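There are 2 protein chains.
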Amino acid sequence: MRADAARNREAVLRAAGQLFDAADDPEQVSMDDIAAAAGVGKGTLFRRFGDRAGLVRDLYEERAQRLHAFLEDDRDRPAAGTVARLMGALLRFKVENRTLARALENMGGASPYTNSSYDRLHSRLEDLVVEARGPEAAGFLAHALLAATRSDLVEHLGDWPEERLQEGLSALVRSVLGPESS
Amino acid sequence: MRADAARNREAVLRAAGQLFDAADDPEQVSMDDIAAAAGVGKGTLFRRFGDRAGLVRDLYEERAQRLHAFLEDDRDRPAAGTVARLMGALLRFKVENRTLARALENMGGASPYTNSSYDRLHSRLEDLVVEARGPEAAGFLAHALLAATRSDLVEHLGDWPEERLQEGLSALVRSVLGPESS
DNA sequence: TTGATAAACGGACTGTCGGTCCGGTAAATT
DNA sequence: AATTTACCGGACCGACAGTCCGTTTATCAA
Numbered sequence: 019m020r021a022d023a024a025r026n027r028e029a030v031l032r033a034a035g036q037l038f039d040a041a042d043d044p045e046q047v048s049m050d051d052i053a054a055a056a057g058v059g060k061g062t063l064f065r066r067f068g069d070r071a072g073l074v075r076d077l078y079e080e081r082a083q084r085l086h087a088f089l090e091d092d093r094d095r096p097a098a099g100t101v102a103r104l105m106g107a108l109l110r111f112k113v114e115n116r117t118l119a120r121a122l123e124n125m126g127g128a129s130p131y132t133n134s135s136y137d138r139l140h141s142r143l144e145d146l147v148v149e150a151r152g153p154e155a156a157g158f159l160a161h162a163l164l165a166a167t168r169s170d171l172v173e174h175l176g177d178w179p180e181e182r183l184q185e186g187l188s189a190l191v192r193s194v195l196g197p198e199s200s
Numbered sequence: 019m020r021a022d023a024a025r026n027r028e029a030v031l032r033a034a035g036q037l038f039d040a041a042d043d044p045e046q047v048s049m050d051d052i053a054a055a056a057g058v059g060k061g062t063l064f065r066r067f068g069d070r071a072g073l074v075r076d077l078y079e080e081r082a083q084r085l086h087a088f089l090e091d092d093r094d095r096p097a098a099g100t101v102a103r104l105m106g107a108l109l110r111f112k113v114e115n116r117t118l119a120r121a122l123e124n125m126g127g128a129s130p131y132t133n134s135s136y137d138r139l140h141s142r143l144e145d146l147v148v149e150a151r152g153p154e155a156a157g158f159l160a161h162a163l164l165a166a167t168r169s170d171l172v173e174h175l176g177d178w179p180e181e182r183l184q185e186g187l188s189a190l191v192r193s194v195l196g197p198e199s200s
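Chains as they are written, first to last, in the working numbering: chain A, 19 to 200; chain B, 19 to 200.
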C-alpha cells in the first residue's frame, strides 16, 4: 500500500469516528460528510472500503480491538465470572460506541453478524456456555446473550442508568450459566 | 374515512404484504413498487401512512393481530409453559413474516421497539417473569427474551431447522424462568 | 536525477429512492 | 343539480450511495 494511501485510510477512519461519535443517529453521517471531514475525495473512500458497510465494519473492528485485547488478558483470571466480565465489557463498549454500533447493526443484510468481532465473541461465549452447562443449545444461548446487548435495545433503554443495565445483564448471565458464574 | 380511501388503504396493505412476502430483503421493496402493485398513486401511500415506517408498522401490526389473539386465548390455559408457548408462537410469527419483520426492525431510530406489538409482548412477558421469579430485573429479562427472536438473528441462523431454534429458545426460557416453566 | 509506470486521487456525474406538491377528480351532502 | 371538500395521482425535488475518468504523484530502475 502506497504511503499516501495509508495516510488517507487513517484520515478517513479518524474523521468517520469523530462524526459518528458526535452524531445521535448514524444516518446523519453521510459518505460525503466523511470524505469532506477527512479532506479526501469521495472516490478514495469507496476505493479503500468498497462501500459504506465496509467502512463502518473496519472502523468498528478497529475500535473493538481494545475489547478483544481485554478479553485476551482475561483468559488467565478465575473462570467464575468470566462470562459476566465479558458481557459487562461488551455493554460498556456498546454504550461508549452507541452510534457506531447502531450504524453497524442497522446496515441491512445480516450486518450485526457479518463481522469478525461478533464471531470471536460468539465462539468464546459458546465455549464458556459448554463449559458451564454442557453442549445442549450452547450455540443458541451464546447468540441470545449477545442479543441482549443489541445497540438499539441499549438505545431504547437510554434513560436507564448503565448500572441498571449491568444488573439486568448480570441476572441474565446467572440464569443461563448458574449462580456460581458471578 | 371516505369509501375510496378505505378501499385504497386495503389495496396498499395487501400489495405491500405480497411484495414483502415475495422478497428476500426488505430493501428490494420500494414505495414506488408498492404503489404500482396496489394500482394507486404514490401520494396516496404517504397521505395514508405518513412514511415508509408507518406503512410497515401498520402492516406488521395487522399481521400481529393473529399472534395477539392467540396469546389472549392462551390466558386460560395452565400457567406452566405460558412463556414457552408465547416465545414459540413469536418465533413462528417471525419465521412466517421474515422479510416484513426485518423491514420493521431495520427501519432505524428505535424501530424494533416503537410499535404496539412489542409493547404488548413486553408487558405480558414482564408480568410472567415477575410471577415466576420476582420483580428483580424482570423488565430487562423480558427484553432479553424478546431480543432472542430478533429477525436478523433468525435470518442469520437461516439454515438451522426451525425445530433447533425452538429448542434453543426453550432452553433459554427454562434458564430464565426455572425448569417448571416448561 | 530523471523518466517511465502504475497506483492513487478527487470530484463531477448517475441512478434510485423517500417524500412533497398541486391541479384535477369524484365522493358526500343539501 | 350544485357545491363542497376530502382525496387522488404522478411529476417533481433533494439527498445519498456508488461510479467514472482525466489528472496527479509515489515509487523505482536506469
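Think of the CB as a built atom: it goes at the ideal place given N, C-alpha and C, for glycine as much as any other residue. Computed from a predicted model, the values in this text were never measured in an experiment.
List, in chain order, every chain B residue whose beta-carbon is nearer than 9 Å to that of residue i.
i        : result
A/Val47  : In chain order: nothing, as chain B lies at least about 13 Å away.
A/Ser199 : In chain order: nothing, as chain B lies at least about 11 Å away.
Which term fits residue i, buried or exposed, when burial requires 16 or more other beta carbons within 10 angstroms of its beta carbon?
i        : result
A/Lys112 : buried
A/Gly157 : buried
A/Gly1   : This structure cannot settle anything about residue 1 of chain A, because the visible part of chain A is limited to 19 through 200.
A/Ala24  : exposed
A/Arg32  : exposed
A/Ala189 : buried
A/Glu198 : exposed
A/Asp170 : buried
B/Ala40  : exposed
B/Met125 : buried
B/Met105 : buried
B/Glu90  : exposed
B/Ala56  : buried
A/Glu123 : buried
Just to make sure I have the definition right: I need the residues of chain A whose C-beta is within less than 7 Å of the C-beta of residue i. Which are they?
i        : result
B/Ala155 : Glu185, Gly186 and Ala189
Alpha carbon to alpha carbon, what distance is there between residue j and residue i?
i        : j        : result
A/Ala162 : A/Asp22  : 43 Å
B/Thr167 : B/Gln36  : 23 Å
B/Asp94  : B/Arg138 : 18 Å
A/Ala150 : A/Leu183 : 23 Å
A/Gly127 : B/Ser193 : 30 Å
A/Ala165 : A/Leu109 : 11 Å
B/Ser129 : A/Ser200 : 33 Å
A/Val101 : A/Phe88  : 13 Å
A/Ala119 : B/Arg120 : 18 Å
A/Pro153 : A/Ser141 : 13 Å
A/Glu79  : A/Asp43  : 19 Å
B/Val58  : B/Phe64  : 11 Å
A/Asp51  : A/Asp76  : 18 Å
A/Gln83  : A/Pro179 : 26 Å
B/His174 : A/Tyr136 : 12 Å
B/Arg70  : B/Met49  : 7 Å
B/Glu181 : B/Gly99  : 17 Å
B/Glu28  : B/His86  : 21 Å
A/Glu144 : B/Val191 : 18 Å
A/Arg81  : A/Val74  : 11 Å
B/Tyr131 : A/Arg20  : 46 Å
A/Leu195 : A/Glu114 : 26 Å
B/Val30  : A/Ala97  : 56 Å
A/Gly17  : B/Phe67  : What is shown of chain A runs 19 to 200, which leaves residue 17 of chain A out entirely.
B/Gly176 : B/Ala160 : 24 Å
B/Ala53  : B/Ala155 : 45 Å
A/Thr62  : A/Ala34  : 13 Å
A/Ala107 : A/Asn133 : 18 Å
B/Arg116 : B/Arg103 : 19 Å
A/Asp92  : A/Leu146 : 13 Å
B/Gln46  : B/Val148 : 42 Å
A/Lys60  : B/Asn26  : 43 Å
Could you work out which residues of chain A lie near residue i, taking near to mean beta carbons separated by less than 8 Å?
i        : result
B/Val194 : Leu190, Ser193 and Val194
Note down, in chain order, every chain A residue with its Cβ under 9 Å from the Cβ of residue i.
i        : result
B/Phe202 : Residue 202 of chain B is absent from the structure shown; chain B starts at 19 and stops at 200.
B/Phe158 : Ala166, Leu175, Trp178, Arg182, Leu183, Glu185, Gly186, Leu187, Ala189 and Leu190
Interfacial residues, the region 117 to 141 of chain B to chain A, with Cβ spacing under 9 Å: Arg120, Glu123, Asn124, Met125, Gly126, Gly127, Ala128, Ser129, Pro130, Tyr131 and Thr132
Interface positions of the region 160 to 186 of chain A facing chain B (Cβ-Cβ less than 8 Å), listed along the chain: His161, Ala162, Ala165, Ala166, Arg168, Asp170, Leu171, Glu173, His174, Leu175, Arg182, Leu183, Glu185 and Gly186
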